[in-house]
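Counted the way UniProt numbering counts, the sequence shown spans residues 1 to 182. Where a beta carbon is used, it is the ideal one built from N, C-alpha and C, also for glycine. Nothing here was measured: the structure is a model prediction, and the numbers come from that model. The structure appears right after this line, and notes come after that.
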Amino acid sequence: MSGNQNRSLRSTLASVVVIASASTLLNILIEAPSISTSYSQTEGKSTVNSINQPINLKIVLSQRQVILYRGKTKIKSYPIAIGRPGWETPTGNFQVLNMTKNPTWLHPFTGESIPGGSPKNPLGRYWIGFWTNGTNWIGFHGTPNPESVGKAASHGCIRMYNKDVQELFEQVSVGTPVTVVQ
């Protein structure tokens, strides 16, 4: 090869390297939008904010369901049993006050105590309390009587299928807002 051909080849190769480097840089910027533009940074923040929206619950007594929301977005609804006549579930705005796995149940009339985990315990394995008058409590719990879900059958509590209350228990925490409407 002559000296001119060498210089021409080196110049061509240098141009290819520059083009390849620009192309690689462009691909990096496209694949990592959080460092490319302020628009993509804003877009990333809105996604993060929607994930960080607080969980809240809405009980609709007439529909016999509790709805789980993240912010204003409906995540899931669950069928429930509600308080029977004379033991109606209270309406209003509340918050989760306590949460217990394997709760002990105290019979409201006899005071009999049934330990958590017992097959005779009507609360199931999970308790999410959201209302109290200082003596009595109302909350979400499982039930050994799944046929009662969908009915007005409890002493004011929200009965759920055991698998559903377990799933709900994993989503909420003390302080989670609970709204109860007719």
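Asked, Found
"Rounded C-beta distance between K101 and R125? I'm assuming under 8 Å.", "6 Å"
"Report yes if the CB atom of N121 is closer than 8 Å to the CB atom of I114, and no otherwise.", "yes"
"So, with DSSP's three-state summary, where would you put Q166?", "helix"
"Suppose you measure from the CA of S173 to the CA of Q166; what does that come to, to the nearest Å?", "13 Å"
"DSSP three-state call for L61: helix, strand or coil?", "helix"
"Going by other Cβ atoms of all chains shown within 10 Å of its Cβ, with 16 needed for buried, is H141 buried or exposed?", "buried"
"Evaluate F130 with the Cβ neighbour count: other Cβ atoms within 10 Å of its Cβ, from every protein chain shown; 16 or more gives buried, anything less gives exposed.", "buried"
"Determine the contact status of I158 and T89, defining contact as a CB-CB distance below 8 Å.", "yes"
"Can you tell me whether G111 is buried or exposed? The criterion is at least 16 other CB atoms within 10 Å of its CB, across all chains shown.", "exposed"
"Short check: CB of G156 to CB of W87, under 8 Å?", "yes"
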